[in-house]
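Before any comments, here is the structure.
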Amino acid sequence: MENNELFWNANIEQLKAGYIDEKEAFVCLVCGAKVEKGIIYPYQSVLLEAERFMKLHLEQEHGSMFQYLIGLNKKLTGLTDHQNSLLRLFYEGKSDAEIQTELNIGSSSTIRNHRFVLKEKERQAKIFLTLMELLKEKDDHAPVFLPLHKNATMVDDRYNITKEEQEEVEKKFFSKGVNGPLVKFPKKEKQKLATLRVIIKRFDQEKSYSEKEINEVLKNVYADFVTLRRYLIEYGFLDRKDDGSEYWVKN
1 MENNELFWNA
11 NIEQLKAGYI
21 DEKEAFVCLV
31 CGAKVEKGII
41 YPYQSVLLEA
51 ERFMKLHLEQ
61 EHGSMFQYLI
71 GLNKKLTGLT
81 DHQNSLLRLF
91 YEGKSDAEIQ
101 TELNIGSSST
111 IRNHRFVLKE
121 KERQAKIFLT
131 LMELLKEKDD
141 HAPVFLPLHK
151 NATMVDDRYN
161 ITKEEQEEVE
171 KKFFSKGVNG
181 PLVKFPKKEK
191 QKLATLRVII
201 KRFDQEKSYS
211 EKEINEVLKN
221 VYADFVTLRR
231 YLIEYGFLDR
241 KDDGSEYWVK
251 N
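Okay, here's the thing in structure tokens:
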């Protein structure tokens, strides 16, 4: 299963932890890194067992899961910018008075009202999650939608794509297989996204690339590699430094 699917299929406790416990390894839900069980990992002057080493990986590479999750696209979190700011400050342990000053909110009662609204959102989310779990037991006709990649941008109907639709796009635009060249870059946005899902798999998630290296990979996919590179960045699959000196797969 792809790391993206692992992330979206994880339960709340796993998302809080930031990793899942598989049979032979602990797997990071952010980047897919695996820590094999049964091995002692040296770190500085300490020896760590596998799960503790995975926690160290999360801390050093990704910070807290709270910071990672709240940094996701607001179409994924369902939070307004203001709610996002409030949650960040609550998590930092700021008092209502400090938050009132920092956000220039009129009164402490306003902050209490925001807390109430967030609590109401939590209650609604619990009910909705329960309804969806119950629905899974009865809805035999529900299509299998592909999960959104975690750094998805412009989240709208173009992400409304099923597994079958993805396979159809792959057959049409990668006639020699998904590891072969792209026949043409589609005009429809949903089909563009489907092809980008295939192309991003050509890159190593753990590697940093120069622009030349990115171009070399994409030239093997399609002649207009500049367009592919632009869309991979635009859709949140790739990221880069401002000066274009370094590229990497967004996790």
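Everything in the sequence shown is counted per full-length UniProt numbering, starting at 1 for the first residue and increasing by one. Where is the CB? At the ideal position from N, CA and C, for every residue including glycine.
query, result
"Straight-line gap, K94 to S175 (C-alpha atoms, nearest Å)", "56 Å"
"Chain-order list of residues whose beta-carbon lies under 6 Å from that of Y209 (same chain, five-residue window excluded)", "Y247"
"Alpha carbon of L146 to alpha carbon of E189, nearest angstrom", "16 Å"
"Assigned secondary structure, S208 (DSSP; H/G/I helix, E/B strand, else coil)", "strand"
"Alpha-carbon to alpha-carbon, K187 and N215", "21 Å"
"Close Cβ partners of N160 (< 8 Å) along its chain, the five nearest in sequence each way excluded", "F145, K190"
"Contact between the segment 117 to 129 and the segment 100 to 109 (3+ Cβ pairs under 8 Å)", "no"
"Backbone CA spacing between M1 and G32 [nearest angstrom]", "Legend: pLDDT at M1 = 46, less than 50; position of this residue unreliable, no value from coordinates given."
"Best match in P143, N151, K192 for proximity to K172 [C-alpha to C-alpha]", "K192"
"Boundaries of the alpha helix (DSSP H) in which Y159 is found, first to last residue", "From DSSP, Y159 is part of no alpha helix (DSSP H); its letter is neither H nor E."
"Beta-ladder partner(s) of I20, from DSSP", "V27"
"According to DSSP, residues forming a beta bridge with D239", "W248"
"V226, enclosing alpha helix (DSSP H) - first and last residue", "225 to 234"
"Buried versus exposed, by CB contacts within 10 Å (16 or more), H141", "exposed"
"Residue 253 versus G71: straight-line alpha-carbon distance, rounded", "Because residue 253 is not part of the residues shown, which for the chain are 1 to 251, the question remains open."
"Proximity winner among T227, F237, R230, E211, relative to V198 (alpha-carbon distances)", "F237"
"Candidates E211, R202, L196, Y222, of which the one nearest residue 253 by Cα", "Residue numbering for the chain in the displayed model covers 1 to 251; residue 253 lies beyond these limits and cannot be assessed."
"Span separating the alpha-carbon of D21 from that of T162", "28 Å"
"K34 in three-state terms, based on DSSP", "strand"
"For N179 and E165, the rounded distance between their alpha carbons", "18 Å"
"is_contact[E133, chain B] using C-beta, thresh 9 Å", "Of the chains in the structure shown, none is chain B; there is only one protein chain."
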